[in-house]
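Asker: Got a structure for you, written out below as structure tokens; questions coming shortly.
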Amino acid sequence: MTIAQPQNPLEPLLENCRYFEYTQAADPIGSGTISKLPFANFGSELHRTGGTRIIPLDVSEQLRCPGPATSPALCANFVRILAGESLETLFNATSLLFYVMYGSGRTEFDDLTIPWQTGDFVVLPVGKDIRHVADSDSAFYLVHDQPLLTYLGVTADRPCFKPTLYTAEDSLRELAAAQKAAETVNRNRISVLLANKAMDQTLTVTHTLWAMLGVLPNGAVQLPHRHQSVALDLILDCAPGCYTLVGPQISASGQIVNPTRVDWQPYSAFITPPGYWHAHFNESGKEAHLLPLQDAGLQTYLRSLDIKFVLPDGSVSR
């Protein structure tokens, strides 16, 4: 006869306990326990042809996280909608931003109809099903924060801002004003940040997302900078000769050590990992435009963005 042993009532509470000596677990990225964010390029051929669909820019396998995901917190996508067709999107996300690379149409969100055309930005909070309708062949660059909510195990159920439209006319006018002002002080970083008045502390486009519309003048050499937010960069227009150098370290003279070169292509995207130094160069003979999207709204609120710039004398800003 077998006598059943009494079960320890604490066993369910203890079975997942683990302990590590400090030096074995203090730096999971350095030890390789958690993967680094990979470099990745996503060409415009992904959205130039084919039917109506969402094209996730997915590196979740390298991140070892549920996909699709382009960073631990964000998922970038190309979206293609043929003329006269529609596409519904439903994400468990607190923030969704799309930039219209080309085309025209409208987005139906709850009880709103939001018209859009080439160069417009549409920013949406959590809502019901979203339906996009194209009047002409259209393509978006769309970024949302569902990967962050998946990691936290939460469901978005409360909008933190109102749906917002940043028209191409308005944003390009603001960028032109910034460019004119920059010429008087020889400023080579020329851009405008999209912001929402609900984000009066972070000064960002949503509470998780940061967005910038920038111009890289012909001949510009932007000195390296870095930040702890992940940058999901979309190139809008450029001629051959525009590129970015990226690397984890800089020399004593402020140059990126053994950089990776990313050559720009119109309406292509690439990932700049957090903490990596990066510098932009324009040797094309024409000015170029870019759109970096980041999780810097969240990083700014957490007080962990830690942005640094290399100064003209090679020193680093505090």
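Position one of the sequence shown corresponds to residue 45 (my numbering), numbered consecutively onward. Glycine included, each C-beta is placed from N, C-alpha and C at the ideal position. Owing to the predicted nature of the structure, the values given are computational and were not obtained by experimental measurement.
Flag this pair as touching only if the stretch 201-213 and the stretch 247-264 have three or more C-beta atom pairs under 8 Å; answer yes or no.
Answerer: yes
Asker: In angstroms, rounded to a whole number, what distance separates the CA positions of Q245 and V123?
Answerer: 31 Å
Asker: What runs of the alpha helix (DSSP H), each 4 residues or longer, lie entirely inside the stretch 174-235?
Answerer: 190-196 and 212-229
Asker: Looking at the unbroken alpha helix (DSSP H) that takes in S104, where does it start and where does it end?
Answerer: S104 to L107 is the span of the alpha helix (DSSP H), which, as asked, contains S104.
Asker: Am I right that L126 and A178 are in contact with their C-beta atoms under 8 Å? What's the rounded C-beta distance?
Answerer: 6 Å
Asker: Using CA coordinates, which residue listed in D155, F142, T162 and D154 is at the minimum distance from H188?
Answerer: F142
Asker: Roughly how many angstroms lie between the CA atoms of T316 and L237, to the nearest whole one?
Answerer: 18 Å
Asker: Quick test of your reading: F86 and A313, contact by CB under 8 Å. State the CB separation rounded to the nearest angstrom.
Answerer: About 5 Å separates the Cβ atoms of F86 and A313, confirming a contact at the 8 Å cut-off.
Asker: Among V167, A242, G298 and T157, whose alpha-carbon lies nearest the alpha-carbon of S359?
Answerer: G298
Asker: Buried or exposed: which applies to Q293, given that a residue is buried once 16 or more other Cβ atoms fall within 10 Å of its Cβ?
Answerer: Result: exposed.
Asker: Do the CB positions of Q68 and C119 come within less than 8 Å of each other?
Answerer: Contact: no.
Asker: Alpha carbons only, please: which of R92, A117 and I78 is nearest the one belonging to Q106?
Answerer: I78
Asker: Out of curiosity, what's the CA-to-CA distance linking G149 and G128?
Answerer: 9 Å
Asker: Run through DSSP, which three-state label would T316 get?
Answerer: Under the three-state reduction of DSSP, T316 is assigned to strand.
Asker: Starting from I73, trace the alpha helix (DSSP H) in both directions and tell me its first and last residue.
Answerer: P72 to S75
Asker: For L260 versus L334, is the C-beta distance shorter than 8 Å?
Answerer: yes
Asker: Within the chosen definition, does the stretch 321-338 reach the stretch 273-292 through at least 3 CB pairs nearer than 8 Å?
Answerer: yes
Asker: Please state whether DSSP places L58 in a helix, a strand or coil.
Answerer: helix
Asker: Between the alpha carbons of A84 and P268, how many angstroms are there, rounded?
Answerer: 20 Å
Asker: Using a Cβ cut-off of 8 Å (strictly closer), state whether K206 contacts chain C.
Answerer: Given the protein chain composition of this structure (a single chain), no chain C is represented.
Asker: DSSP on Q343, reduced to helix/strand/coil?
Answerer: helix
Asker: Among the residues of its own chain, which have a CB less than 6 Å from the CB of D102, if the five just before and after it don't count?
Answerer: G111 and P112.
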